[in-house]
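Enquirer: Just passing along the structure, written as structure tokens.
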Amino acid sequence: MRSDRWIDVARGAGLLSPSGVVAPTIFAEMSELATRTGAVNLGQGFPDVDGPEHLKDVAVAAIREGHNQYPPGPGIPQLREALAAHQARHYGLSVDPNTEVLVTAGATEAIAATILALAGPGDEVLTLEPYYDSYAASIAMAGATHRTIALRPGPDGFHLDPDDVRAAFTDRTRIVLVNTPHNPTGTVLTTEELTLLAEQAAARDAVVVTDEVYEHLTYDGVRHVPLATLPAAAGRTLTISSSGKSLSFTGWKVGWIHGPAELVTAVRTVKQFLTYVASGPFQYAVAAGLADEDGRTGEYVAGLRASLQSRRDLLTGALDAAGFATARAAGTYFVVADAAPLGFTDAVDLCRRLPELADVVGIPVSAFCAAGSPTAEALGSWVRFTYVKQESVLERAAEGLARLRG
């Protein structure tokens, strides 16, 4: 049967058990554990409060005005124009909204459509490791080979080793997919690290794809640098982002991709057979938000960034006090911490016990690594926690974590 191939692909990507049953992810397992035990769920990274009220009003108005049928395939013109203006305003990038922008069903669809459009059997797709879990699944569906570059922990967070970067690229490297600010580690890659990645991609004529969904959520004065702004990446970079994180409307699923017209066209040929279009009324609200960065929306994002930095500090302090070794998180919703100083070498086992031990749920960092890889083994005692929760929730988590020290 033709379905056998896709079953093999899914099994190879870890999406099916050997018997062919859909394998529950560690994320689903931990969320179910939090629900069953009543523990504080610091595993799943979604806000527990909504984004700006005035953008909800725009979405409601769009529904009432009749914007409820299929939007244009590339996205509504207002949103594409707002995205181009956003890239010019923040990063000095010149983007043609008519040929170089594509609106997608969140960043996840943009990533999947890009990989399916540009890579196939015999090609290699290079990602950082740890990596967001959809990357491996999309690469497997494309029939390409997944190679990784380890992010290594250090005193100031996770970073790339230049020798690792150079060794990872080969003549078969078709795409290098870079996530910064980075989930799960919270690191923000430096200009030097990004330049090396861009130069290696250029040397092999590889396409650069960047996942920048946390672009506006960086802390302590750390600046996000889009790869598309670097000379070595010019003309070969597809930039992916979304409204979900910066505006706290993750369920609206409004993402986008921009880059050279010929690459965007290639991605659109695949995207149109995935969701076709999505999020019609919400596109109007996101367009209004992007066009309002000097007004209420800009104030909201600035306030969110300051609040998240404070909540990051609260959770990091609690983890440190409990005896974890935490890595500096310069951005995103997440902080990762090593449980080895507490005597726990297996983070998967620890996460299953955390509700009983500390009334908290986290995610083992090995869930973001290839099974059995050197990086998975090196980070086997590390746990990811999210701080995109209300302060009262984090304070309860801090009380529970304090019990671990005892």
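Basically this note's numbering = 1-based index in the sequence shown + 98. Using N, Cα and C, we set each Cβ at its ideal position, and we do this for glycine too. Small disclaimer: the values here were computed from a predicted structure and weren't measured.
By alpha-carbon positions, which one of GLU179, PHE432, PRO172 ends up nearest to ASN281?
Expert: The residue with the shortest Cα to Cα distance from ASN281 is PHE432.
Enquirer: For SER479, which beta-bridge partners are listed by DSSP?
Expert: Answer is none; SER479 lacks a bridge partner.
Enquirer: DSSP three-state call for ALA423: helix, strand or coil?
Expert: If DSSP states are grouped into helix, strand and coil, ALA423 belongs with the strands.
Enquirer: Is DSSP giving GLY387 helix, strand or coil here?
Expert: Helix, per DSSP.
Enquirer: So, with DSSP's three-state summary, where would you put GLY498?
Expert: Note: GLY498 maps to helix in three-state DSSP.
Enquirer: Please work out which residues of its chain come closer than 7 Å, Cβ to Cβ, to GLN370, disregarding the five sequence neighbours upstream and downstream, and give them in chain order.
Expert: These residues qualify, in order along the chain: GLY171.
Enquirer: So who's on the other strand from SER340, going by DSSP bridges?
Expert: For SER340, which the question treats as bridged, DSSP gives the partners GLY353.
Enquirer: Report the option in ALA186, ALA456, VAL481, ALA386 whose CA atom is closest to the CA atom of ASP41.
Expert: Only positions 99 to 504 of the chain appear in this structure, which leaves residue 41 out of reach.
Enquirer: So what does DSSP say about PRO462, is it helix, strand or coil?
Expert: Here PRO462 sits in strand by DSSP.
Enquirer: Return the CA-CA distance between LEU216 and GLY415, expressed in angstroms with no decimal places.
Expert: Computed Cα separation, rounded: 43 Å.
Enquirer: Rounded to the nearest angstrom, what separates ASP392 and PHE466 at their Cα positions?
Expert: So the alpha carbons of these two residues sit roughly 37 Å apart.
Enquirer: Beta-carbon separation of LYS351 and GLY204 under 8 Å?
Expert: The answer is yes: Cβ separation under 8 Å.
Enquirer: By the three-class DSSP mapping on this structure, what secondary structure does GLU310 have?
Expert: GLU310 falls in the coil class under three-state DSSP.
Enquirer: Taking only the alpha-carbon atoms, compute the straight-line gap between THR308 and TYR230 and give it to the nearest angstrom.
Expert: Distance between the alpha carbons of THR308 and TYR230 is about 12 Å.
Enquirer: Span of the beta strand (DSSP E) holding PHE256?
Expert: From DSSP, the beta strand (DSSP E) with PHE256 extends over 255-258.
Enquirer: Might you give, ordered along the chain, the residues of its own chain that have their beta carbon closer than 7 Å to the beta carbon of ASP436, omitting 5 neighbours on each side?
Expert: Result list for ASP436: PHE422, ALA423, SER479, TRP480, in chain order.
Enquirer: Quick check: the segment 317-337 against the segment 273-290, are at least 3 beta-carbon pairs closer than 8 Å?
Expert: Touching, yes.
Enquirer: Just to confirm before moving on: does the CB-CB distance between LEU224 and ARG250 stay below 8 Å?
Expert: No, these two residues do not count as a Cβ contact at 8 Å.
Enquirer: Return the bridge partner residues of HIS244 from the DSSP annotation.
Expert: HIS244 is bridged to VAL223.
Enquirer: Since I believe ARG270 is in contact with GLY220 (beta carbons under 8 Å), could you give me their beta-carbon distance rounded to a whole number of angstroms?
Expert: Going by Cβ atoms, the distance from GLY220 to ARG270 rounds to 7 Å, so yes, they are a contact pair.
Enquirer: Note the first and the last residue of the continuous alpha helix (DSSP H) segment covering ALA210.
Expert: Residues 204-216.
Enquirer: Looking only at DSSP bridge pairs, what is LEU275 linked to?
Expert: Paired residue(s): THR225, VAL307.
Enquirer: What would DSSP say about LEU315, mapped onto helix, strand or coil?
Expert: Three-state DSSP puts LEU315 in coil, outside helix and strand.
Enquirer: DSSP three-state call for LEU294: helix, strand or coil?
Expert: Of the three classes helix, strand and coil, the one that applies to LEU294 here is helix, per DSSP.
Enquirer: Considering only their Cβ atoms, is the gap separating VAL458 from PHE144 smaller than 8 Å?
Expert: No, the pair does not count as a contact, with Cβ atoms beyond the cut-off.
Enquirer: Report the CB separation of ALA331 from ALA296 in whole angstroms; it is logged as a contact under 8 Å.
Expert: Sure, about 4 Å apart at Cβ, within 8 Å.
Enquirer: According to the neighbour-count rule (16 or more other Cβ atoms, all chains shown, within 10 Å of its Cβ), is PRO260 buried or exposed?
Expert: PRO260 should be labelled exposed.
Enquirer: Pull up the distance between the alpha-carbon of ILE355 and that of PRO253, whole angstroms please.
Expert: Their Cα atoms are separated by approximately 34 Å.
Enquirer: Looking at the unbroken alpha helix (DSSP H) that takes in ASP155, where does it start and where does it end?
Expert: First-last of the alpha helix (DSSP H) with ASP155: 151-162.
Enquirer: Could you pull the DSSP bridge partners for ALA435 from this structure?
Expert: DSSP, once it has assigned bridges, lists THR424, VAL481 as partnering ALA435.
Enquirer: Could you say if the segment 189-205 and the segment 283-303 meet the contact criterion of at least three C-beta pairs nearer than 8 Å?
Expert: These segments do not touch.
Enquirer: Leaving aside the five residues before and after LEU214 along the sequence, list all residues of the same chain whose C-beta is less than 6 Å from its C-beta, in chain order.
Expert: Around LEU214: ALA240, VAL368.
Enquirer: Just verifying my parser: in three-state terms, what is the DSSP assignment at GLY396?
Expert: In the structure shown, GLY396 sits in a helix (DSSP, three-state: H, G or I).
Enquirer: When DSSP builds the beta bridges, which residues end up paired with ARG250?
Expert: In the DSSP output, where bridge partners are listed per residue, ARG250 has HIS257.
Enquirer: So if DSSP puts VAL199 in a beta bridge, which residue, or which two residues, is it bridged to?
Expert: Answer is HIS356.
Enquirer: Apply the 10 Å Cβ neighbour rule to GLN298 and answer buried if 16 or more other Cβ atoms are within range, or exposed otherwise.
Expert: Buried: at least 16 other Cβ atoms inside 10 Å.
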